[in-house]
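Here is the structure we will look at, set down as structure tokens.
Residue numbers (the numbering used here), protein chains in the order written: chain A, 1 to 172; chain B, 1001 to 1527.
Here is the structure:
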């Protein structure tokens, strides 16, 4: 596999592979490490891919194996994750459909912009500053449970907004 | 709100701390409610997309993969280049005229010796005949014994195994256990498995290399080895110098010296005990001469940085019986013993002190006081540690606030402990000497353990925090004179996260952080 071919593959499918890994329930901090290893494995063993198997399907196969290994090595405290991962692997989401990375992130950016300022700030604290629900709760004088539920609703709102914002054919 | 939504909300929180009952409950919801599974999937994907939007370090994924690929290629090219260079050198050497002359002399010498030996044996042969019959005895004579087939030529240029402790294997000969006396040939790998394993190798005439547990070593030439991971300690003695030791990050050229080399995923650290060693990184920059008593390390192949090793002196290690497991005659548990050994290795004289009337006086006479987590904070009710004018390293989280280093502890207010996927820490300030050149998420211990955290004020150096919790500091420090909580630090103060048996399970990176902490704390001149 030439460097150019690998580069094209990486750019074309990195969003799909990262989404796939995240969608199995891998901890957020480990998603990129696993996705990185998926691409490096593909590069190392690209000659083993049968011609009739699409590169994305091959990448997903490698990712599935790596996620399974990941759950196994996490030990007792995460043993439920493997089952959760299997359950989630059977489900498909509109966000996994063939939208490009740029389209997804642009749609998400537009949807975030449309949120009231206090929600945007909450997202920044949570995802950019890595603050916990407890810490945000202290700032807003609300319980950590209330913050978690608010984050869940925020993500639901954003998902609905993205479904409307992305071209119709990608979300159906 | 459906119960599974509340569980999902907790699941998606950064720590994802949930118990088995909650996990079962969520899985049941996923089985019975198809809508729930779709909701979970969408939430996970949105969580990932939001993190990528807000987190700068996740934006250069493509570059990260390409860098990894380049790194792997560079390592492969380096090994190939070194091997081919070695072969060329060896091939060139073997056909020099001087070698022809030497070979001819050896052949003549062996021939003459063989003839002499044969004549002497023939002369003794009649003595073995039966004196009464004059018939030759059935006992086979030396010359009648079947000749042994000549053994396959062993490449003697590799190191010879002198001693094996624990489990060690020669890779390249599948399933071959390393045994004393065996020679590791060029290009074969020697691997030790398990923390207690070790192999001592002899190189040349007088050089010795001790390979620690979980290490891997490949001889590349008569005077060169490649270490892919782990730790080796080398004592290079004449006439074998120079010796070249390569790692994935840098290269050491050692003349008569004694040194240790620790190779981790991203870092190679050199500690020189005797003599002087030249250390350079693969990515260029100038190589450095590292003298006895100093160390240097390269991270990701960058130019090595270093400093003085432990300035020496006396350490008071305060221990207690809070963790009453595996306590020896000296009153130390496994963690305390590991720390004592490490401090001694760094060059400190260690006095182990248990709580008693003489402890304060002894501590005041020391150059550094290290308070193990095995003490009980109740042993310090008069709080003499708070004003102790001696550098202090504290690992008991209930003392963090008593000595003025953190906000109030107890009931998980501003101090506490956590369990993280095998002992992870997040290095927040990789430029501080306490970070030991490490960056990002670091595996502090090899297994699940509890680690402490506290909440220092803004005068402290916040070096590491609990992953995902930037306000929970796991390694933090105050300069002498810095304003802490209710007092100025009487001398340097460092908080470390080891709790329970953590010190007995530390990774190499964990020990690097420990070393950096005690060295910085004990040496007021260190930046």
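Cβ atoms here follow ideal geometry from the backbone N, Cα and C, with glycine treated the same way.
Strand pairing of residue i, partner residues [DSSP]
{"i": "residue 1164 of chain B", "result": "B:1199"}
{"i": "residue 1032 of chain B", "result": "Partner(s): none; residue 1032 of chain B has no beta bridge."}
{"i": "residue 1306 of chain B", "result": "B:1296"}
{"i": "residue 1416 of chain B", "result": "B:1453"}
{"i": "residue 960 of chain B", "result": "Only positions 1001 to 1527 of chain B appear in this structure, which leaves residue 960 of chain B out of reach."}
{"i": "residue 1443 of chain B", "result": "B:1424"}
{"i": "residue 1506 of chain B", "result": "B:1445"}
{"i": "residue 1235 of chain B", "result": "B:1208 and B:1258"}
Residue burial classification, residue i (beta-carbon count within 10 angstroms, cutoff 16)
{"i": "residue 1 of chain A", "result": "exposed"}
{"i": "residue 1301 of chain B", "result": "buried"}
{"i": "residue 1428 of chain B", "result": "buried"}
{"i": "residue 1481 of chain B", "result": "exposed"}
{"i": "residue 1305 of chain B", "result": "exposed"}
{"i": "residue 1572 of chain B", "result": "Outside the displayed span of chain B (1001 to 1527) sits residue 1572 of chain B, for which this structure offers no information."}
{"i": "residue 1389 of chain B", "result": "exposed"}
{"i": "residue 1445 of chain B", "result": "buried"}
{"i": "residue 1373 of chain B", "result": "buried"}
{"i": "residue 110 of chain A", "result": "exposed"}
{"i": "residue 65 of chain A", "result": "exposed"}
{"i": "residue 1052 of chain B", "result": "buried"}
{"i": "residue 1391 of chain B", "result": "buried"}
{"i": "residue 1384 of chain B", "result": "exposed"}
{"i": "residue 1133 of chain B", "result": "Because residue 1133 of chain B sits at a pLDDT of 37, beneath the cut-off of 50, its placement in the model cannot be relied upon, and the point is left open."}
{"i": "residue 1163 of chain B", "result": "exposed"}
{"i": "residue 1340 of chain B", "result": "buried"}
{"i": "residue 32 of chain A", "result": "buried"}
{"i": "residue 1286 of chain B", "result": "exposed"}
{"i": "residue 1487 of chain B", "result": "exposed"}
{"i": "residue 51 of chain A", "result": "exposed"}
{"i": "residue 1387 of chain B", "result": "exposed"}
{"i": "residue 1138 of chain B", "result": "Per-residue confidence for residue 1138 of chain B stands at a pLDDT of 39, beneath the threshold of 50, marking its modelled position as unreliable; the derived number appears in the next sentence. With fewer than 16 Cβ atoms within 10 Å of its Cβ, residue 1138 of chain B is classed as exposed."}
{"i": "residue 48 of chain A", "result": "exposed"}
{"i": "residue 1170 of chain B", "result": "buried"}
{"i": "residue 1296 of chain B", "result": "buried"}
{"i": "residue 143 of chain A", "result": "exposed"}
{"i": "residue 1523 of chain B", "result": "buried"}
Amino acids of chain B, ordered along the chain, whose beta-carbon sits closer than 7 Å to that of residue i
{"i": "residue 5 of chain A", "result": "Going along chain B, no residue has its Cβ under 7 Å from residue 5 of chain A, so there is no contact; the nearest lies around 13 Å."}
{"i": "residue 117 of chain A", "result": "Those do not exist, as residue 117 of chain A stays about 15 Å from chain B at its closest Cβ, beyond 7 Å."}
{"i": "residue 19 of chain A", "result": "1045 and 1048"}
{"i": "residue 135 of chain A", "result": "1471"}
{"i": "residue 39 of chain A", "result": "1065"}
{"i": "residue 186 of chain A", "result": "Outside the shown range of chain A, which is 1 to 172, sits residue 186 of chain A, and nothing can be said about it."}
{"i": "residue 66 of chain A", "result": "Within chain B, no residue comes near residue 66 of chain A; the closest Cβ sits about 14 Å away, beyond 7 Å."}
Cβ distance (whole Å) where residue i is taken to contact residue j below 8 Å
{"i": "residue 1192 of chain B", "j": "residue 1160 of chain B", "result": "That belief does not hold up - the Cβ atoms of residue 1192 of chain B and residue 1160 of chain B are roughly 16 Å apart, past 8 Å."}
{"i": "residue 1509 of chain B", "j": "residue 1443 of chain B", "result": "6 Å"}
{"i": "residue 107 of chain A", "j": "residue 1048 of chain B", "result": "Not confirmed; about 14 Å, so no contact."}
{"i": "residue 131 of chain A", "j": "residue 1470 of chain B", "result": "7 Å"}
{"i": "residue 1231 of chain B", "j": "residue 1190 of chain B", "result": "The pair is not a contact, with the Cβ atoms about 14 Å apart (cut-off 8 Å)."}
{"i": "residue 127 of chain A", "j": "residue 1055 of chain B", "result": "6 Å"}
{"i": "residue 1207 of chain B", "j": "residue 1263 of chain B", "result": "Going by Cβ atoms, the distance from residue 1207 of chain B to residue 1263 of chain B rounds to 19 Å, so no, they are not a contact pair."}
{"i": "residue 1315 of chain B", "j": "residue 1366 of chain B", "result": "6 Å"}
{"i": "residue 1245 of chain B", "j": "residue 1272 of chain B", "result": "About 12 Å; that fails the 8 Å criterion."}
Where residue i meets chain B, residues with beta-carbon distance less than 8 Å
{"i": "residue 127 of chain A", "result": "1050, 1051, 1053, 1054 and 1055"}
{"i": "residue 140 of chain A", "result": "In chain order: nothing, as chain B lies at least about 15 Å away."}
{"i": "residue 124 of chain A", "result": "1054"}
{"i": "residue 53 of chain A", "result": "Neighbours of residue 53 of chain A on chain B: none; closest Cβ ~21 Å, over 8 Å."}
{"i": "residue 164 of chain A", "result": "Neighbours of residue 164 of chain A on chain B: none; closest Cβ ~14 Å, over 8 Å."}
{"i": "residue 49 of chain A", "result": "Residues of chain B passing the Cβ test: none, with the nearest at roughly 17 Å."}
{"i": "residue 110 of chain A", "result": "Near residue 110 of chain A there are no residues of chain B at all, since even the closest Cβ is about 11 Å away, more than 8 Å."}
{"i": "residue 72 of chain A", "result": "Ordered by position in chain B, no residue passes the 8 Å Cβ test against residue 72 of chain A, which lies about 13 Å from the chain."}
Contact list for residue i against chain A, beta-carbon separation under 7 Å
{"i": "residue 1519 of chain B", "result": "Here the premise fails: no neighbours, minimum Cβ distance about 30 Å."}
{"i": "residue 1068 of chain B", "result": "36 and 40"}
Chain-ordered chain A contacts of residue i [CB-CB under 8 Å]
{"i": "residue 1061 of chain B", "result": "14, 18, 32, 35 and 36"}
{"i": "residue 1058 of chain B", "result": "32"}
Chain-ordered chain B contacts of residue i [CB-CB under 9 Å]
{"i": "residue 22 of chain A", "result": "1044, 1045, 1047, 1048, 1049 and 1051"}
Worksheet item: Contact between the region 1234-1245 of chain B and the region 1216-1223 of chain B: three or more CB pairs below 8 Å?
Response: Per the Cβ contact rule, the region 1234-1245 of chain B is in contact with the region 1216-1223 of chain B (3 or more Cβ pairs under 8 Å).
Worksheet entry | Sufficient close CB pairs (3 or more, under 8 Å) joining the region 1390-1401 of chain B to the region 1495-1502 of chain B | By the C-beta criterion, the region 1390-1401 of chain B is judged to be in contact with the region 1495-1502 of chain B, since at least 3 inter-stretch pairs fall below 8 Å.
Discussion item. Is it the case that the region 112-129 of chain A contacts the region 154-164 of chain A, given that we only count it when at least three CB pairs across the two stretches are under 8 Å?
Written reply: With the cut-off at 8 Å, the region 154-164 of chain A and the region 112-129 of chain A touch.
Worksheet item: Contact between the region 1353-1364 of chain B and the region 1461-1472 of chain B: three or more CB pairs below 8 Å?
Response: Flag = no, the region 1353-1364 of chain B and the region 1461-1472 of chain B do not touch.
Fill in: Contact the region 1291-1300 of chain B vs the region 1263-1278 of chain B: 3+ CB pairs below 8 Å
With a cut-off of 8 Å, the region 1263-1278 of chain B and the region 1291-1300 of chain B count as touching, because enough Cβ pairs lie within range.
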